[in-house]
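In what follows, a single structure is set out as C-alpha coordinates and then discussed.
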(Lines of atoms letter the chains of each structure in order from A; the text may use other names.)
(Lines give C-alpha, C1' and ligand atoms only; values in the text may rest on other atoms or scores of the structure.)
Protein backbone atom coordinates (compact mmCIF):
# COMPACT_ATOMS: atom_id res chain seq x y z
CA UNK A 6 0.00 0.00 0.00
CA UNK A 7 1.04 3.62 -0.43
CA UNK A 8 2.56 4.35 2.99
CA UNK A 9 5.38 6.36 4.57
CA UNK A 10 8.72 5.05 3.33
CA UNK A 11 9.81 3.57 6.68
CA UNK A 12 6.51 1.69 6.98
CA UNK A 13 6.73 0.54 3.37
CA UNK A 14 10.19 -0.94 4.01
CA UNK A 15 8.97 -2.67 7.18
CA UNK A 16 5.96 -4.23 5.47
CA UNK A 17 8.00 -5.14 2.38
CA UNK A 18 10.54 -6.92 4.59
CA UNK A 19 7.72 -8.80 6.31
CA UNK A 20 6.29 -9.91 2.96
CA UNK A 21 9.72 -11.06 1.78
CA UNK A 22 10.15 -13.09 4.97
CA UNK A 23 6.82 -14.85 4.37
CA UNK A 24 7.93 -15.71 0.86
CA UNK A 25 11.24 -17.12 2.12
CA UNK A 26 9.33 -19.25 4.64
CA UNK A 27 6.98 -20.37 1.85
CA UNK A 28 3.93 -19.47 3.88
CA UNK A 29 0.85 -19.58 1.67
CA UNK A 30 -1.41 -17.62 4.01
CA UNK A 31 -0.39 -14.84 6.38
CA UNK A 32 -1.90 -11.59 7.67
CA UNK A 33 -1.01 -8.15 6.37
CA UNK A 34 -3.11 -6.32 8.92
CA UNK A 35 -5.45 -7.42 11.71
CA UNK A 36 -8.88 -5.83 12.06
CA UNK A 37 -9.23 -5.66 15.83
CA UNK A 38 -12.68 -5.00 17.33
CA UNK A 39 -12.31 -4.60 21.12
CA UNK A 40 -15.98 -3.58 21.45
CA UNK A 41 -19.16 -3.33 19.38
CA UNK A 42 -20.73 -0.34 21.15
CA UNK A 43 -20.91 2.92 19.22
CA UNK A 44 -22.13 6.47 19.80
CA UNK A 45 -23.61 6.65 16.28
CA UNK A 46 -26.00 4.46 14.28
CA UNK A 47 -24.87 4.79 10.66
CA UNK A 48 -27.38 3.60 8.07
CA UNK A 49 -24.87 1.46 6.17
CA UNK A 50 -23.21 -0.17 9.19
CA UNK A 51 -23.71 -3.84 9.99
CA UNK A 52 -21.36 -4.05 12.97
CA UNK A 53 -23.39 -2.81 15.94
CA UNK A 54 -26.57 -4.94 15.75
CA UNK A 55 -25.96 -7.01 18.90
CA UNK A 56 -27.86 -7.64 22.16
CA UNK A 57 -27.41 -5.09 24.94
CA UNK A 58 -25.27 -7.50 26.94
CA UNK A 59 -22.78 -7.83 24.08
CA UNK A 60 -22.69 -4.07 23.50
CA UNK A 61 -21.64 -3.57 27.13
CA UNK A 62 -18.61 -5.85 26.81
CA UNK A 63 -15.06 -4.51 26.44
CA UNK A 64 -12.12 -6.68 25.41
CA UNK A 65 -9.35 -6.87 28.03
CA UNK A 66 -6.03 -5.30 27.05
CA UNK A 67 -4.08 -8.56 27.28
CA UNK A 68 -6.57 -10.34 25.03
CA UNK A 69 -6.47 -7.61 22.39
CA UNK A 70 -2.68 -7.40 22.30
CA UNK A 71 -2.32 -11.18 22.48
CA UNK A 72 -4.48 -11.71 19.40
CA UNK A 73 -2.34 -9.36 17.33
CA UNK A 74 0.87 -10.99 18.51
CA UNK A 75 -0.59 -14.44 17.83
CA UNK A 76 -1.22 -13.51 14.20
CA UNK A 77 2.20 -11.94 13.65
CA UNK A 78 0.77 -9.14 11.50
CA UNK A 79 2.88 -5.96 11.23
CA UNK A 80 -0.17 -3.66 11.18
CA UNK A 81 -3.38 -3.30 13.19
CA UNK A 82 -6.60 -1.46 12.42
CA UNK A 83 -8.63 -0.93 15.59
CA UNK A 84 -12.31 -0.65 14.76
CA UNK A 85 -15.62 -1.44 16.41
CA UNK A 86 -18.01 0.06 17.38
CA UNK A 87 -16.27 3.24 18.41
CA UNK A 88 -12.83 2.38 19.87
CA UNK A 89 -12.59 5.61 21.87
CA UNK A 90 -15.49 4.35 24.02
CA UNK A 91 -13.19 1.58 25.31
CA UNK A 92 -11.83 2.75 28.71
CA UNK A 93 -8.41 1.18 28.06
CA UNK A 94 -8.02 1.90 24.37
CA UNK A 95 -4.99 4.10 25.04
CA UNK A 96 -3.27 1.19 26.81
CA UNK A 97 -4.06 -1.19 23.94
CA UNK A 98 -2.49 1.30 21.53
CA UNK A 99 0.48 1.91 23.81
CA UNK A 100 1.30 -1.78 24.12
CA UNK A 101 0.99 -2.41 20.38
CA UNK A 102 3.15 0.61 19.53
CA UNK A 103 5.77 -0.51 22.06
CA UNK A 104 6.02 -3.72 20.02
CA UNK A 105 6.48 -1.64 16.86
CA UNK A 106 3.16 -2.58 15.34
CA UNK A 107 1.71 0.05 13.00
CA UNK A 108 -1.62 1.00 14.55
CA UNK A 109 -4.56 2.77 12.91
CA UNK A 110 -7.27 3.77 15.38
CA UNK A 111 -10.54 4.14 13.45
CA UNK A 112 -12.90 6.71 14.92
CA UNK A 113 -15.87 8.90 14.09
CA UNK A 114 -13.97 11.57 16.08
CA UNK A 115 -16.85 12.58 18.36
CA UNK A 116 -14.69 11.74 21.40
CA UNK A 117 -11.30 12.49 19.86
CA UNK A 118 -10.71 15.97 21.26
CA UNK A 119 -11.80 14.76 24.71
CA UNK A 120 -9.54 11.68 24.66
CA UNK A 121 -6.54 12.96 22.71
CA UNK A 122 -4.53 13.72 25.86
CA UNK A 123 -4.35 9.97 26.48
CA UNK A 124 -2.29 9.35 23.33
CA UNK A 125 1.20 10.28 22.17
CA UNK A 126 2.32 10.96 18.59
CA UNK A 127 4.37 8.14 17.09
CA UNK A 128 5.44 7.06 13.63
CA UNK A 129 3.74 3.77 14.50
CA UNK A 130 0.35 5.35 15.25
CA UNK A 131 -2.35 7.21 13.33
CA UNK A 132 -5.93 8.25 13.91
CA UNK A 133 -8.14 7.08 11.02
CA UNK A 134 -11.16 9.38 10.95
CA UNK A 135 -14.39 8.37 9.24
CA UNK A 136 -15.44 10.99 6.67
CA UNK A 137 -17.93 9.89 4.01
CA UNK A 138 -18.53 13.27 2.40
CA UNK A 139 -18.82 16.98 3.01
CA UNK A 140 -21.06 18.34 5.78
CA UNK A 141 -24.56 17.49 4.53
CA UNK A 142 -23.57 14.18 2.96
CA UNK A 143 -21.56 12.96 5.96
CA UNK A 144 -24.11 13.98 8.60
CA UNK A 145 -26.81 12.20 6.60
CA UNK A 146 -24.75 9.00 6.41
CA UNK A 147 -24.19 8.93 10.18
CA UNK A 148 -27.77 10.07 10.93
CA UNK A 149 -26.71 12.95 13.16
CA UNK A 150 -26.14 16.66 12.56
CA UNK A 151 -22.87 18.26 13.58
CA UNK A 152 -20.70 15.16 13.27
CA UNK A 153 -18.83 16.45 10.22
CA UNK A 154 -17.92 19.74 11.91
CA UNK A 155 -16.71 17.95 15.04
CA UNK A 156 -14.64 15.53 12.98
CA UNK A 157 -13.01 18.42 11.11
CA UNK A 158 -12.11 20.22 14.33
CA UNK A 159 -10.75 16.98 15.81
CA UNK A 160 -8.58 16.39 12.74
CA UNK A 161 -7.19 19.91 12.98
CA UNK A 162 -6.42 19.45 16.69
CA UNK A 163 -4.74 16.09 16.14
CA UNK A 164 -2.61 17.52 13.33
CA UNK A 165 -1.71 20.51 15.51
CA UNK A 166 -0.46 18.12 18.21
CA UNK A 167 1.74 16.22 15.77
CA UNK A 168 -0.34 13.08 15.21
CA UNK A 169 -0.56 11.31 11.89
CA UNK A 170 -4.14 11.52 10.66
CA UNK A 171 -5.63 9.41 7.92
CA UNK A 172 -9.25 9.21 6.81
CA UNK A 173 -11.53 6.46 5.57
CA UNK A 174 -14.41 7.22 3.22
CA UNK A 175 -17.11 4.78 2.16
CA UNK A 176 -19.14 5.42 -0.97
CA UNK A 177 -22.68 4.38 -1.91
CA UNK A 178 -24.86 4.56 -5.02
CA UNK A 179 -26.08 7.97 -3.89
CA UNK A 180 -22.57 9.32 -4.49
CA UNK A 181 -21.49 10.83 -7.79
CA UNK A 182 -18.03 11.41 -9.24
CA UNK A 183 -18.40 15.04 -8.21
CA UNK A 184 -19.20 14.26 -4.55
CA UNK A 185 -16.20 11.91 -4.42
CA UNK A 186 -13.96 14.59 -5.93
CA UNK A 187 -15.26 17.26 -3.56
CA UNK A 188 -14.64 15.31 -0.35
CA UNK A 189 -11.22 14.01 -1.41
CA UNK A 190 -10.15 17.48 -2.57
CA UNK A 191 -11.21 18.86 0.81
CA UNK A 192 -9.38 16.19 2.81
CA UNK A 193 -6.27 16.35 0.62
CA UNK A 194 -5.95 20.10 0.05
CA UNK A 195 -7.82 21.89 2.83
CA UNK A 196 -7.39 19.61 5.85
CA UNK A 197 -4.11 18.17 4.50
CA UNK A 198 -4.59 14.77 6.12
CA UNK A 199 -1.63 12.45 5.75
CA UNK A 200 -3.41 9.77 3.72
CA UNK A 201 -6.91 8.81 2.62
CA UNK A 202 -8.50 5.39 2.34
CA UNK A 203 -11.51 4.84 0.08
CA UNK A 204 -13.85 1.92 -0.46
CA UNK A 205 -17.22 1.10 -1.99
CA UNK A 206 -19.62 0.12 0.78
CA UNK A 207 -20.22 -3.56 1.47
CA UNK A 208 -23.85 -4.75 1.70
CA UNK A 209 -23.94 -5.91 5.32
CA UNK A 210 -26.92 -8.20 5.89
CA UNK A 211 -27.76 -6.40 9.14
CA UNK A 212 -27.34 -2.83 7.85
CA UNK A 213 -30.54 -0.75 8.27
CA UNK A 214 -30.22 0.67 4.74
CA UNK A 215 -30.14 -2.07 2.09
CA UNK A 216 -31.00 0.10 -0.92
CA UNK A 217 -27.87 2.15 -1.55
CA UNK A 218 -24.98 -0.29 -1.98
CA UNK A 219 -22.98 -0.17 -5.21
CA UNK A 220 -22.79 -2.94 -7.79
CA UNK A 221 -19.53 -3.83 -9.53
CA UNK A 222 -20.17 -1.83 -12.70
CA UNK A 223 -21.48 1.14 -10.70
CA UNK A 224 -18.31 1.09 -8.61
CA UNK A 225 -16.06 1.02 -11.65
CA UNK A 226 -17.89 3.87 -13.35
CA UNK A 227 -17.89 5.99 -10.18
CA UNK A 228 -14.15 5.73 -9.60
CA UNK A 229 -13.17 5.85 -13.26
CA UNK A 230 -14.86 9.25 -13.55
CA UNK A 231 -13.69 10.49 -10.14
CA UNK A 232 -10.06 9.57 -10.91
CA UNK A 233 -10.09 11.31 -14.31
CA UNK A 234 -8.13 14.47 -15.04
CA UNK A 235 -5.14 13.58 -12.88
CA UNK A 236 -7.05 13.45 -9.57
CA UNK A 237 -5.84 9.96 -8.71
CA UNK A 238 -2.19 10.98 -9.04
CA UNK A 239 -2.69 14.13 -7.00
CA UNK A 240 -4.56 12.71 -4.01
CA UNK A 241 -2.63 11.07 -1.15
CA UNK A 242 -4.52 7.79 -1.32
CA UNK A 243 -3.46 5.05 1.07
CA UNK A 244 -3.75 2.30 -1.53
CA UNK A 245 -1.53 0.40 -3.92
CA UNK A 246 -1.67 1.55 -7.57
CA UNK A 247 -3.01 -1.87 -8.57
CA UNK A 248 -5.96 -1.63 -6.16
CA UNK A 249 -6.86 1.75 -7.64
CA UNK A 250 -6.68 0.12 -11.08
CA UNK A 251 -9.10 -2.49 -9.73
CA UNK A 252 -11.59 0.15 -8.57
CA UNK A 253 -11.56 1.69 -12.05
CA UNK A 254 -12.01 -1.64 -13.80
CA UNK A 255 -8.54 -1.56 -15.35
CA UNK A 256 -7.62 -4.75 -13.49
CA UNK A 257 -9.59 -7.59 -11.93
CA UNK A 258 -8.60 -10.30 -9.49
CA UNK A 259 -10.05 -12.43 -6.66
CA UNK A 260 -10.22 -11.33 -3.07
CA UNK A 261 -7.73 -12.54 -0.47
CA UNK A 262 -9.98 -12.86 2.57
CA UNK A 263 -7.37 -14.44 4.84
CA UNK A 264 -4.89 -11.54 4.57
CA UNK A 265 -6.87 -9.09 6.74
CA UNK A 266 -8.34 -11.29 9.50
CA UNK A 267 -10.84 -9.95 12.00
CA UNK A 268 -10.60 -10.52 15.75
CA UNK A 269 -13.48 -9.42 17.99
CA UNK A 270 -15.12 -10.19 21.31
CA UNK A 271 -16.30 -13.47 19.76
CA UNK A 272 -12.86 -14.59 18.53
CA UNK A 273 -11.43 -14.89 15.01
CA UNK A 274 -14.23 -14.31 12.52
CA UNK A 275 -14.77 -16.50 9.47
CA UNK A 276 -14.13 -15.74 6.66
CA UNK A 277 -13.45 -11.99 6.79
CA UNK A 278 -14.19 -8.63 8.37
CA UNK A 279 -17.39 -8.25 6.34
CA UNK A 280 -18.99 -11.71 6.56
CA UNK A 281 -19.66 -13.76 9.67
CA UNK A 282 -19.85 -17.54 9.27
CA UNK A 283 -18.76 -18.31 12.80
CA UNK A 284 -15.77 -17.82 15.06
CA UNK A 285 -12.74 -19.79 16.23
CA UNK A 286 -10.54 -19.17 19.28
CA UNK A 287 -7.13 -19.20 17.58
CA UNK A 288 -5.59 -17.66 14.49
CA UNK A 289 -4.19 -21.04 13.47
CA UNK A 290 -7.67 -22.57 13.44
CA UNK A 291 -8.94 -19.67 11.33
CA UNK A 292 -6.27 -20.21 8.68
CA UNK A 293 -6.11 -24.00 8.69
CA UNK A 294 -9.76 -24.97 9.25
CA UNK A 295 -11.58 -22.46 7.04
CA UNK A 296 -12.56 -23.57 3.54
CA UNK A 297 -11.32 -20.47 1.73
CA UNK A 298 -12.28 -21.91 -1.66
CA UNK A 299 -15.97 -21.31 -0.84
CA UNK A 300 -15.66 -17.53 -0.89
CA UNK A 301 -15.33 -14.88 -3.56
CA UNK A 302 -17.20 -13.52 -6.55
CA UNK A 303 -18.93 -16.34 -8.42
CA UNK A 304 -18.73 -18.65 -5.39
CA UNK A 305 -20.77 -17.02 -2.63
CA UNK A 306 -23.70 -14.71 -3.50
CA UNK A 307 -22.75 -12.39 -0.63
CA UNK A 308 -19.50 -11.66 -2.47
CA UNK A 309 -21.15 -10.76 -5.79
CA UNK A 310 -20.82 -6.97 -5.57
CA UNK A 311 -17.98 -6.70 -3.06
CA UNK A 312 -15.00 -4.58 -4.09
CA UNK A 313 -14.01 -3.56 -0.57
CA UNK A 314 -10.37 -2.81 0.22
CA UNK A 315 -10.21 -5.38 3.03
CA UNK A 316 -10.59 -8.18 0.50
CA UNK A 317 -8.94 -6.83 -2.61
CA UNK A 318 -6.13 -4.57 -1.40
CA UNK A 319 -4.20 -7.61 -0.11
CA UNK A 320 -4.51 -9.27 -3.52
CA UNK A 321 -3.16 -6.12 -5.13
CA UNK A 322 -0.26 -5.95 -2.68
CA UNK A 323 0.70 -9.60 -3.21
CA UNK A 324 0.38 -9.24 -6.99
CA UNK A 325 2.60 -6.16 -6.84
CA UNK A 326 5.23 -8.09 -4.92
CA UNK A 327 5.19 -10.81 -7.58
CA UNK A 328 5.64 -8.42 -10.50
CA UNK A 329 8.81 -6.45 -11.19
CA UNK A 330 6.84 -3.90 -13.21
CA UNK A 331 4.26 -3.32 -10.47
CA UNK A 332 6.93 -3.28 -7.76
CA UNK A 333 8.81 -0.54 -9.59
CA UNK A 334 5.60 1.43 -10.09
CA UNK A 335 4.69 1.16 -6.41
CA UNK A 336 8.22 2.12 -5.34
CA UNK A 337 8.24 5.10 -7.66
CA UNK A 338 4.92 6.37 -6.36
CA UNK A 339 5.91 5.81 -2.73
CA UNK A 340 9.08 7.87 -3.16
CA UNK A 341 7.54 10.58 -5.33
CA UNK A 342 4.30 10.83 -3.37
CA UNK A 343 2.31 10.59 -6.60
CA UNK A 344 -0.62 8.28 -7.10
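Residue numbers (the numbering used here): 6 to 344. C-beta: ideal position from N, C-alpha, C; glycine also.
Cβ-Cβ separation between residue 85 and residue 40: approximately 5 Å, consistent with a contact (criterion under 8 Å).
Taking a contact as a CB-CB distance under 8 Å, the pair residue 134 and residue 79 does not count as one, their CB atoms being some 22 Å apart. Distance between residue 195 and residue 140, taken at the CA atoms: about 14 Å.
Contact annotation, residue 48 with residue 148: C-beta distance approximately 6 Å; criterion of less than 8 Å satisfied. Annotated three-state conformation of residue 308 is helix, per DSSP. Annotation: the continuous alpha helix (DSSP H) that includes residue 320 extends over 314-326. As a beta-bridge residue in DSSP terms, residue 285 pairs with 273. The criterion of a C-beta distance shorter than 7 Å is satisfied by residue 220 and residue 310. Listed in chain order, the non-local C-beta contacts of residue 313 below 7 Å within the same chain comprise 204, 205, 207, 279, local neighbours out to five positions each way being set aside. In the structure shown, the three-state DSSP call for residue 153 is helix.
Here DSSP, grouped into helix, strand and coil, assigns residue 205 to strand. CA-to-CA, the gap between residue 287 and residue 230 works out to about 43 Å.
Going by C-alpha positions, residue 234 is about 11 Å away from residue 186. Bounds of the beta strand (DSSP E) holding residue 173 are 169-176. Burial is judged here by how many other beta carbons sit within 10 angstroms of a residue's own beta carbon; residue 112 has at least 16 and is buried.
The closest CA to that of residue 246, considering only 338, 62, 114, 263, is found on 338.
About 16 Å separates the beta carbons of residue 103 and residue 37, which is beyond the 8 Å limit, so they are not a contact pair. Per DSSP, the beta-bridge partners of residue 133 are 111, 171. In the DSSP assignment, residue 83 falls within the beta strand (DSSP E) that extends over 80-83.
Residue pairing by DSSP leaves residue 98 without any beta bridge partner. Here residue 73 really is in contact with residue 101; their C-beta atoms are around 6 Å apart, less than 8 Å. Per DSSP, reduced to three states, the secondary structure at residue 278 is coil, with no helix or strand assignment. Its chain contains 143, 156, 172, 174, 188, 192 as the residues whose beta carbon lies nearer than 7 Å to that of residue 136, once the 5 sequence neighbours on both sides are disregarded; these appear in chain order. A distance below 7 Å separates the beta carbons of residue 43 and residue 87.
Fully enclosed alpha helix (DSSP H) runs of no fewer than 4 residues occupy 57-60, 66-76 of the region 35-82, in order along the chain. Here the alpha carbon of residue 259 sits roughly 20 Å from the alpha carbon of residue 294.
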